[in-house]
Amino acid sequence: MSAHKQESRRTVRSFVKRAGRMTAAQERALRELWPEFGITFSEELLDLDSIFRRSASRVLEIGFGNGETLIEQASANPATDYLGIEVHEPGVGHCMLHAATAEISNLRLIRGDAIDVMTHQIPDASLHRVNLYFPDPWPKKRHHKRRILQPAFLALVAEKIEAAGAFHISTDWENYAEQIDALMEPQTLFKLSEKRVHGGDDPLDRPTTKFERRGRELGHKIWDWRLIRIS
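In my numbering, the protein residues as written are 303 to 533.
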C-alpha cells in the first residue's frame with residue numbers, strides 16, 4: 303500500500319492541536335509576513351525552484367516549534383533552502399518574526415500536519431535532509447500509536463529524500479529511543495550512519511533545542527541518529 307493511501311485512511315494523529323496564546327506580534331506576523339515566508343497547504347505538489355527562485359539543496363524540519371533551530375540553521379547556511387512544518391500558529395508567528403528580523407530569504411513555512419504536507423506537497427526525492435527533533439514522545443503506553451515514527455512514516459520520509467540524503471532524529475525519552483531502534487532493524491530504506499547518546503552536550507550536527515534543554519533539566523539522556531537514504 304502506498305504512503306498516500308495509508309495517509310488518506312489515517313485516523314490517529316501524532317499531535318493535539320492546542321489553541322495556544324497568540325501575542326499581538328505573532329498575530330501581526332501571520333497576517334503581514336505570511337506572503338513572504340508562508341506556503342498555504344493544498345493537495346498539489348510544490349514547485350520548490352519557483353518558490354525559492356533558485357535550485358539548491360533543501361532541508362525540511364518537521365515540527366519546528368518556535369523556529370529557534372530553523373532560524374539558526376537557515377542563517378548559518380544561506381546556500382541551502384529550508385522548509386519548516388508546524389501545526390501550532392503561535393510558533394509559526396514567532397518564527398516568521400525572527401526570520402524577518404534576521405533578514406533570512408532561504409526559509410519558507412507551512413502550517414499544517416506534517417504527514418499531510420509531505421504526502422501532498424513535497425515532491426519525491428526533492429530533499430537533501432529531513433530533521434525530526436524531539437517529536438512528541440506520547441509517554442503513556444496507550445498513546446504510543448500516536449508517535450509519528452512508525453513504519454509508514456519512515457517510508458514517506460524515504461520517498462521525499464534524495465539518494466544518499468540524510469534523516470536526522472533526536473529524542474530525550476528512553477522508551478521512544480528503544481522504539482526507534484526497533485523500527486530501524488528490519489527496514490531497508492535507510493542505513494545507520496551514526497547514533498549518539500549524550501547528556502545534551504554533544505548534539506549530532508544540529509543546534510541545541512528548547513525541548514533538549516527541558517529534557518536535560520529533567521535529567522534525561524539525549525539520543526541522536528543520522529540515517530542515510532539507500533539508493
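Cβ coordinates follow ideal geometry from the N, Cα and C atoms, glycine included.
Values in this document were obtained by computation on a predicted structure and should not be read as measured data.
Task: Boundaries (first-last residue) of the alpha helix (DSSP H) holding N477 - done: Taken as a continuous stretch (DSSP letters only), the alpha helix (DSSP H) holding N477 covers E476 to M486.
Open item on the list: Output needed for F354: all residues of its chain with C-beta closer than 6 Å, excluding positions within five of it in sequence on either side, in chain order.
Closed with: In the same chain as F354, and ignoring 5 residues on each side of it, the C-beta atoms closer than 6 Å to its own belong to D383, in chain order.
TODO: Let me know the secondary structure DSSP gives S357 once reduced to three states.
DONE: Coil, per DSSP.
Open item on the list: By the three-class DSSP mapping on this structure, what secondary structure does S472 have?
Closed with: Strand.
Task: Cut-off 7 Å between Cβ atoms - residues of its own chain near F339, not counting five sequence neighbours on either side - done: So the qualifying residues of the chain are M398, A401, L409, R410 and L411.
Open item on the list: Please state whether the Cβ-Cβ distance between S357 and D351 is less than 8 Å.
Closed with: Yes. Within cutoff.
Open item on the list: Tell me which residue opens and which closes the beta strand (DSSP E) that W440 is part of.
Closed with: No beta strand (DSSP E) contains W440, which DSSP labels as neither H nor E.
Open item on the list: Please classify P425 as buried or exposed, where buried requires at least 16 other C-beta atoms within 10 Å of its C-beta.
Closed with: Exposed, because fewer than 16 other Cβ atoms sit within 10 Å of the Cβ of P425.
Task: Beta-carbon proximity of G414 to E329, cut-off 8 Å - done: Going by C-beta atoms, G414 is not nearer than 8 Å to E329.
TODO: Would you mind reading off the limits of the beta strand (DSSP E) that contains K497?
DONE: F492 to H500 is the extent of the beta strand (DSSP E) around K497.
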